[in-house]
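Here the protein sequences line up with chains L and P, keeping their order. The working numbering applies: residue 53 is where the first sequence begins, and numbers increase by one. The working numbering applies: residue 1298 is where the second sequence begins, and numbers increase by one. No residue lacks a Cβ here, since even glycine has one placed at the ideal position from N, Cα and C.
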Amino acid sequence: MPSPTVVSPEKLRATFRWMLLARALEDRIASLYRAGGSIVGGVYLGRGQEAFSGALGACLSKDDGDIFGGLIRDMSGRLAFGEPLLDPVRAYLGSAAGPMRGRDGNIHRGRPQEGLPAMISHLGSLVSVVAGMLLARRMQGKQPCVGATSIGDGATSTGSFHEAVNMAAVEGLPLVVAVANNQFAYSTPTNRQYACENLVDRAHGYGITGYVVDGTDLQACLETFTQAVEAARETGKPQMVVGKLLRLAGHGEHDDASYVDPALRKEPSGRDPIEVAATYFDDAEVRRWQEDALKQVSEAVAKAQNEAGPDASEESWLALASAHLVEGQSE
Amino acid sequence: MSTTYLAAIREAQAVAMREDPNVFIYGQDVGKFGGAFKATKGLIDEFPDRVMDAPISEDAMVGLAIGAAIEGMRPIIEMQFADFSSIGLNQIINQAATHYWRTGVPCPITLRLPSGGTAGSGPFHSQSMEALYAHYPGLVVVTPATVEDAYSMLLESIQLDDPVVFCEHKLLYYHLKADRLPTVNLPIGKARIARSGRHATVVTYSAMLHESLKAAAMIAEDGFHVEVVDLRSVKPIDTDTILGSVARTGRLLAVGEAFPWGGVTAEVLSRVVSEGFDLLDCPPIRLNAKDTPIPYHPNLWKAHRPTADSIYAALSELVRK
Ligand SMILES: Cc1ncc(C[n+]2csc(CCOP(=O)(O)OP(=O)(O)O)c2C)c(N)n1
């Protein structure tokens, strides 16, 4: 067993503030979605997963070349890792100024050359991409850096996930896989997803180290991810962290999640991680941070709302970097 | 000294790795064993850290290549057989093919697909997958038919900043030979007139080039001179060269080894009909494999795919229309 990890008060506070920012932003995006007219496409929230996701993002170092392959419910982790606040705002509002330029949006966003690969919808498929980024770093002598990605309980059933974790284990890559077991994949409960006792049992099968953590408790999440990230950095081997929590929203904002038994909210795993973490701090201080988060969100939304969407007449329509090989260019 | 199509593929990879430290090879059995067809034989001795055996995980292999490419590497993925690239389909068409357009970050990966039928290989070791990949935006799909093209087009594929599906034909591996490897060649995207003629045009690619050339020689005995166009790359298709040839001959036969529904031959016909209808003296013809899985027994297999005889028969009909 690794020795107990000490999490500094600064790190706890900083991560909590990213969680508050993520929550404030997602609340705002959800309300814009309900109001209609400004959000392009669907909205998928990370509510309930802010501690688990944020702790992972906060334990990585973007400046040192770490990688964070965020997924659907990683607003908090992406922000903590260093994604600019304007990126998700622009992606959701369809601004052409964001890195996806209106060609993709909402959760499908990233800055691949800054350690933020841009997820595609197909679940499970990002794990091997992060592994490949790490392999490249190793071949280029740029180690030790760590790559992390997250996955839901449902997506652990994909062949893609299995292939990638097994491959990362075979290649010995410093990959941290964060499994956010939020008890549902859209409407499907976990007993229709897997038959093992606990998803962490799979780590043994891959020959990698597994960790279990209370995904609603920021302190615990920070301790565990600190250990896992350090272990990946030191041993160069994959680590799997499984967090138990509950999705405190619909699958997307179009979904009322009426299939979720309200009793689950009363379980320890149904706690709101923001309420849990708020107890570590002084109420007045929390309120100040919340106000600051709201202000940042308002400014970012106001800015993106004034930006134009993409102009189809100015779109290059080039799917290849080799423009001379794009069909129909001469016509 | 003569070089085979297979040796040209091996040599192109060696040259690419010598010239660029970012090139590496990942695939099943490609290391010490040298690959199922020996296309990487000996490469691990010269590049011990850049030729790696992969687990049987085509999805993860392609995903890994994409990640490495984002970080500036130029991976070559060897699929053991083209048929198994279906397991990596999602990564190829959804992750690799969309990457540059979505993010502005190029994804230079080369996917080598040992393709096409050989006697006794059956339904799952014989497929021609080019049409499937060509359908998706964001991929370059090439189908070299000669030793020279295998060499120069593989080198060019590795250098391109886009994902390339490199369909190398297994039937050509050993028996096709060239005296020397080229230093200059036509670029990807340009078709080549493999034989000149004035009575009809055959548009084809990969192993079917050789069947078509045989058929052209056969029909020359009957007094008909057929022009044969080797597409070389199927995405993009060199429509100008095709139309130029049809303008000279007025008649078109498109030949492919793949299944008949849609595909490269259908694309060729649709382009000629929509862009060069007035050039045609009679309705164009397509000749493809049959619309069944690829048979195992040579008696069936020979009848399943186009051959010099069936191409000759189609041409005989075409030139007399
Ligand atoms: C391969 C694949 N199949 C289906 C979907 C549609 N889909 C999107 S999210 C989702 C549920 C995902 O559940 P889980 O992995 O547990 O993550 P969560 O949404 O609970 O965070 C499904 C089925 C998809 N995106 N990818």
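Same chain, Cβ closer than 7 angstroms to residue i, neighbours up to 5 away in sequence not counted
i: Gln1388/P; result: Asp1356, Val1359, Gly1360, Ile1363
i: Gly304/L; result: Gly94, Val95, Tyr96
i: Ala1313/P; result: Val1320, Leu1452, Ile1455
i: Asp126/L; result: Gly98, Ser105, Ser202
i: Ala1311/P; result: Leu1340, Glu1343
i: Trp341/L; result: Arg69, Leu72
i: Leu346/L; result: Ala76
i: Leu370/L; result: Val378
i: Ser1613/P; result: Ile1516
Residue nearest to residue i in terms of C-alpha spacing, selected from the options
i: Pro1403/P; options: Leu1549/P, Asn1482/P, Pro1479/P, Ala1394/P; result: Ala1394/P
i: Phe1381/P; options: Phe1421/P, Asp1346/P, Ile1322/P, Tyr1397/P; result: Phe1421/P
i: Leu1410/P; options: Arg1529/P, Lys1467/P, Trp1398/P; result: Lys1467/P
i: Asp266/L; options: Val231/L, Ala255/L, Ala247/L; result: Val231/L
i: Ile326/L; options: Val338/L, Val378/L, Glu366/L, Ala315/L; result: Val338/L
i: Ala107/L; options: Val312/L, Asp269/L, Ala216/L; result: Asp269/L
i: Arg1399/P; options: Ala170/L, Ala149/L, Ile119/L; result: Ala170/L
i: Ser321/L; options: Asn233/L, Val59/L, Glu366/L, Leu123/L; result: Asn233/L
beta-carbon residue i near ligand 1 non-hydrogen atom, thresh 6 angstroms
i: Arg234/L; result: Residue 234/L is actually Asn in this sequence, not Arg. Flag set: Cβ of Asn234/L near ligand 1.
i: Tyr238/L; result: yes
i: Gly1339/P; result: no
i: His174/L; result: yes
i: Ala352/L; result: no
i: Ile1390/P; result: no
i: Ile1322/P; result: no
i: Ile119/L; result: no
i: Asp205/L; result: yes
i: Arg125/L; result: yes
Neighbourhood of residue i by C-beta, 6 angstroms cutoff - its chain only, sequence neighbours within 5 removed
i: Ser209/L; result: Gln245
i: Asp1458/P; result: Pro1403, Pro1405
i: Leu1615/P; result: Ala1497, Arg1548, Leu1550, Ile1582
i: Ala74/L; result: Glu102, Met127, Ser128, Leu131
i: Ser1412/P; result: Ala1379, Ser1425, Cys1464, His1466
i: Val349/L; result: Ala76, Leu77, Arg80
i: Ala110/L; result: Thr67, Ala132
i: Leu372/L; result: Val378
i: Pro1441/P; result: Ala1447, Met1450
Nearest-angstrom Cα separation, counted from residue j out to residue i
i: Asn1482/P; j: Gly257/L; result: 50 angstroms
i: Ile203/L; j: His174/L; result: 11 angstroms
i: Thr261/L; j: Thr1415/P; result: 45 angstroms
i: Lys1618/P; j: Val1561/P; result: 24 angstroms
i: Gly193/L; j: Ala1512/P; result: 55 angstroms
i: Ile1306/P; j: Ala1336/P; result: 6 angstroms
i: Pro164/L; j: Phe213/L; result: 20 angstroms
i: Asn396/L; j: Phe277/L; result: Residue 396/L is absent from the structure shown; chain L starts at 53 and stops at 383.
i: Thr1589/P; j: Glu1508/P; result: 21 angstroms
i: Ile1322/P; j: Ser1299/P; result: 25 angstroms
i: Leu297/L; j: Lys318/L; result: 12 angstroms
i: Arg1495/P; j: Asp1519/P; result: 14 angstroms
i: Gly361/L; j: Gly154/L; result: 7 angstroms
i: Val1570/P; j: Leu1576/P; result: 9 angstroms
i: Pro1443/P; j: Gly1331/P; result: First, the amino acid is wrong: residue 1443/P is Thr here, not Pro. Computed Cα separation, rounded: 22 angstroms.
i: Ala1605/P; j: Ala1514/P; result: 10 angstroms
i: Gly1369/P; j: Glu223/L; result: 19 angstroms
i: Ala237/L; j: Leu1386/P; result: 24 angstroms
i: His1432/P; j: Thr1407/P; result: 17 angstroms
i: Tyr1397/P; j: Ala1366/P; result: 11 angstroms
i: Leu112/L; j: Asp118/L; result: 6 angstroms
i: Glu351/L; j: Ser147/L; result: 15 angstroms
i: Pro1372/P; j: Asp1350/P; result: 13 angstroms
i: Glu1375/P; j: Asp363/L; result: 40 angstroms
i: Ala301/L; j: Asp324/L; result: 11 angstroms
i: Tyr1609/P; j: His1601/P; result: 16 angstroms
8 angstroms Cβ shell around residue i - same chain, five flanking residues per side excluded
i: Glu1453/P; result: Pro1484, Ile1485
i: Val353/L; result: Arg80, Leu84, Val141, Leu145
i: Ala283/L; result: Pro54, Thr261, Lys289, Gln291
i: Arg285/L; result: Pro196, Cys197, Val198, Pro226
i: Thr240/L; result: Gly206
i: Glu1445/P; result: Ala1305, Ala1475, Leu1478, Pro1479, Asn1482
i: Val1526/P; result: Ala1488, Arg1489, Ile1490, Ala1491, Thr1498, Val1499, Val1500, Thr1501, Thr1538, Ile1539, Ser1542
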